[in-house]
Amino acid sequence: MTSVDDFKLLDPATLAEPYEFWSALRESAPIHHTAEGAGFTIVTRYDDVVTAIRDTETFSNQISRRFKGGMSPYEDSAQVKEILKDGCPYSDALAFVDGDVHAKHRRMIRRGFTNTRVRELDEYIHDVVHRLLDEMPFGEPVDFWKQFCVRLPVLMIGHILGVDEQHEQDVKRWADAQVARFGEPRETEDENISIAKDLVDFHQYLYRELAARRAEPRDDFLSDLVNAEEETTENELVLICAQLLVAGAESSTSLIGSMVNEIVDRPELLERLRHDEYLVKDVVEETLRTESPIKLVHRITTRDTVLGGVEIPADTVCMLMIASANRDDAMFEDAAVFDDDRRDAKRHLAFGMGAHLCSGAELARSEARIALQALLERTTSITRAPGHTSEHIPNLTVRALRDLKLVLR
Ligand code: HEM
Numbered sequence: 033m034t035s036v037d038d039f040k041l042l043d044p045a046t047l048a049e050p051y052e053f054w055s056a057l058r059e060s061a062p063i064h065h066t067a068e069g070a071g072f073t074i075v076t077r078y079d080d081v082v083t084a085i086r087d088t089e090t091f092s093n094q095i096s097r098r099f100k101g102g103m104s105p106y107e108d109s110a111q112v113k114e115i116l117k118d119g120c121p122y123s124d125a126l127a128f129v130d131g132d133v134h135a136k137h138r139r140m141i142r143r144g145f146t147n148t149r150v151r152e153l154d155e156y157i158h159d160v161v162h163r164l165l166d167e168m169p170f171g172e173p174v175d176f177w178k179q180f181c182v183r184l185p186v187l188m189i190g191h192i193l194g195v196d197e198q199h200e201q202d203v204k205r206w207a208d209a210q211v212a213r214f215g216e217p218r219e220t221e222d223e224n225i226s227i228a229k230d231l232v233d234f235h236q237y238l239y240r241e242l243a244a245r246r247a248e249p250r251d252d253f254l255s256d257l258v259n260a261e262e263e264t265t266e267n268e269l270v271l272i273c274a275q276l277l278v279a280g281a282e283s284s285t286s287l288i289g290s291m292v293n294e295i296v297d298r299p300e301l302l303e304r305l306r307h308d309e310y311l312v313k314d315v316v317e318e319t320l321r322t323e324s325p326i327k328l329v330h331r332i333t334t335r336d337t338v339l340g341g342v343e344i345p346a347d348t349v350c351m352l353m354i355a356s357a358n359r360d361d362a363m364f365e366d367a368a369v370f371d372d373d374r375r376d377a378k379r380h381l382a383f384g385m386g387a388h389l390c391s392g393a394e395l396a397r398s399e400a401r402i403a404l405q406a407l408l409e410r411t412t413s414i415t416r417a418p419g420h421t422s423e424h425i426p427n428l429t430v431r432a433l434r435d436l437k438l439v440l441r
C-alpha cells in the first residue's frame, strides 16, 4: 500500500500518472497542503470538490489575487517579461473572474453557442472528421493522436474563432504555449522565451482579426463578440478568445485520444459499439469520467474556511482535483474501472459544475461522438500499432497522451 509521502506532486512521473497519488490522498489526506511549487492545497474527494465549487464566494476563480500579473505560479525572467510587453497585458477574464464580470463574459460568449451555431458546428465537425480519415493511411501504422485527435479540435476551434484553416499549425502552437504556462515545468530559459513569443504572436493575431471584424463584420463568432452589446475593452476580448482557444483545442484532443486508447484493446466493446449508437455516447461519458482531460480547477479562498473538517486559511490556492473526484469510490462503484454500462457516469465533474460549468461541453461531446461514429463506420478493425504502448505527458492540468499509434483497416 502506497502512502502520500511516496509521491511528489510535481515529479514528472506523478504528473504523467497521478492516479495512485490521488488514491492515497483520498484515503488518508483528502485536503492536503503541499509546499511544492507555489504552495497548494489539494482537494481530492468528490464531495469536498463539489462543496468548494458550489461555494463561489469562498472559493474564488480569481487566481490573480495570489499570482500578481497573471495566473502562472512561476516567476518570469526579465527577458520573458520584456517579450510579453508586446502582447495583451494580463487581466482577469471569464474563467478567472467571479460575479458580475464573469456573468458579463458568459453572456458575451453565449451567442457563439446557440442551437443554430452548434448545429452548424456539428456539420463542420462531420466534414472535418471524414476529411481527416480520407487523408489517413489504412493498413499501416499511423499516429492517430497527431493526425486526428490533435487536428480535429484545432480546426474546430479555429473555425469558431474565424481563423483560416491555413493557420492550423499556428493555432496548435498558440494553444500549446498557453498550456505550458498553466503548469508544465519549464526547464530552460530558451523554452520560456519561445513560449512567450508564441503568446505574443497569438495576441497580435487576435488584435488584427478583431479589428478586421470591426471594419467588416462576418457571420461568425468573432463578429458576435465584437458586436456584443456589453461594455468591454479590446484586451478583454483577446483574453476571452485566448481562453476559448485553449479550452477548445486542448481538452477535446485528450478526450478523443483517451477514448480511442481505452477501447482499442477491447475488440468485444468495439464490436458492440458498431451495433449500438447509444453506447457511443456512454463510452464518451465514461471516458470523461475515468480519463478526465482537465485534471483540476484552481480556486483561491477569499476568507478562512473549513473544508472536509480541515481549516484552510484565506488566500490559499486550492487545486480541486476533478479527475480524482471522478475516481472516488465513495461516489462511483469501483471507480477506477472503465464500465461502459455505468448508469451514473454523467455525474462526473469533467466539465466542472455550477457558475463556471464548461461552455463547450456539448460541443466537446459532439466532437467525440461524431469522431467515434465515423471511425467505426470507416473501419472493420482498429488495433494498436505493433509494439506501441501509450504514455501520458507530465502535465499538471491536462491529461494527454504523447502519441497513439494505430493500424486502421
Ligand atoms: C473534453 C473537452 C473539454 C473539457 C474536459 C473541458 C473542461 C472544462 C472545465 C473543467 C471547465 C471549468 C473550469 C472552472 O471551473 O474553473 C471548463 C470551462 C470552460 N470551457 Fe471547457 N472543456 C472542454 C471543451 C471545451 C470546448 C470545446 C470549449 C469551447 C469551444 C470550452 C470552453 C470553455 C469555457 C469558455 C470555459 C470557461 C467557463 C467559465 O469560466 O465560465 N471547453 N471546461
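33 is the number of the first residue of the sequence shown in this note's numbering; add one for each residue after it.
For glycine and all other residues, C-beta sits at the position ideal for the given N, C-alpha and C.
Identify whether residue i lies in helix, strand or coil by the three-state DSSP scheme.
i      : result
Leu407 : helix
Phe170 : coil
Glu263 : coil
Ile425 : coil
His380 : coil
Phe364 : coil
Leu184 : helix
Phe72  : strand
Val129 : coil
Glu323 : coil
Val369 : coil
Val195 : coil
Glu447 : A question about residue 447 goes unanswered here, because the residues of the chain that appear run from 33 up to 441.
Asp233 : helix
Ser391 : coil
Let me check one thing: in DSSP terms, what residues is residue i bridge-paired to?
i      : result
Leu440 : Ile414
Ile449 : Outside the displayed span of the chain (33 to 441) sits residue 449, for which this structure offers no information.
Val150 : Paired residues: none, contrary to the question.
Asp175 : Lys437
His64  : Ile74
Leu21  : Not covered by the structure: residue 21. The range shown for the chain is 33 to 441.
Val430 : Ile326
Compute every distance between the C-beta of residue i and the non-hydrogen atoms of the ligand HEM, then say whether any falls below 7 Å.
i      : result
Pro325 : yes
Val81  : no
Cys181 : no
Ile189 : yes
Gly280 : yes
Ile141 : yes
Val443 : This structure cannot speak to residue 443, because the chain is shown only from 33 to 441.
Phe383 : yes
Gly392 : yes
Ala61  : no
Ala135 : no
His388 : yes
Met395 : The sequence as given places Leu at residue 395; Met does not occur at that position. Indeed, a heavy atom of the ligand HEM lies less than 7 Å from the Cβ.
Arg138 : yes
Would you mind giving the Cβ-Cβ distance between residue i and residue j, rounded to the nearest angstrom? I have them listed as a contact below 8 Å.
i      : j      : result
Leu242 : Val258 : 6 Å
Arg218 : Ser324 : Going by Cβ atoms, the distance from Arg218 to Ser324 rounds to 24 Å, so no, they are not a contact pair.
Val160 : Ala281 : Contact flag wrong, Cβ pair sits at about 13 Å.
Asp360 : Arg77  : 6 Å
Gly392 : Ala209 : Going by Cβ atoms, the distance from Gly392 to Ala209 rounds to 20 Å, so no, they are not a contact pair.
Leu339 : Ile74  : 11 Å between Cβ atoms; not a contact.
Ile414 : Leu302 : 6 Å
Ser92  : Asp130 : 5 Å
| task | Indicate whether the contact test is met: 3 or more Cβ pairs, each with one atom in the stretch 49-66 and one in the stretch 286-295, closer than 8 Å. | result | no
| Counting pairs of Cβ atoms below 8 Å between the stretch 304-315 and the stretch 258-273, do you hit three or more? | no
| said: Is it the case that the stretch 112-123 contacts the stretch 220-236, given that we only count it when at least three CB pairs across the two stretches are under 8 Å? | reply: yes
| task | Assess, as a yes-or-no matter, whether the stretch 78-97 is touched by the stretch 350-368 under the definition of 3 or more beta carbon pairs within less than 8 Å. | result | Between the stretch 350-368 and the stretch 78-97 there are three or more inter-stretch CB-CB distances shorter than 8 Å, so the stretches are counted as touching.
| Is the stretch 167-176 in contact with the stretch 377-389, if contact means three or more CB pairs nearer than 8 Å? | no
| request: Answer yes if the stretch 146-159 comes into contact with the stretch 422-438, meaning at least three C-beta pairs across the two stretches below 8 Å, and no otherwise. | output: no
| Should the stretch 283-291 be called in touch with the stretch 178-191, which here means at least 3 C-beta pairs below 8 Å? | yes
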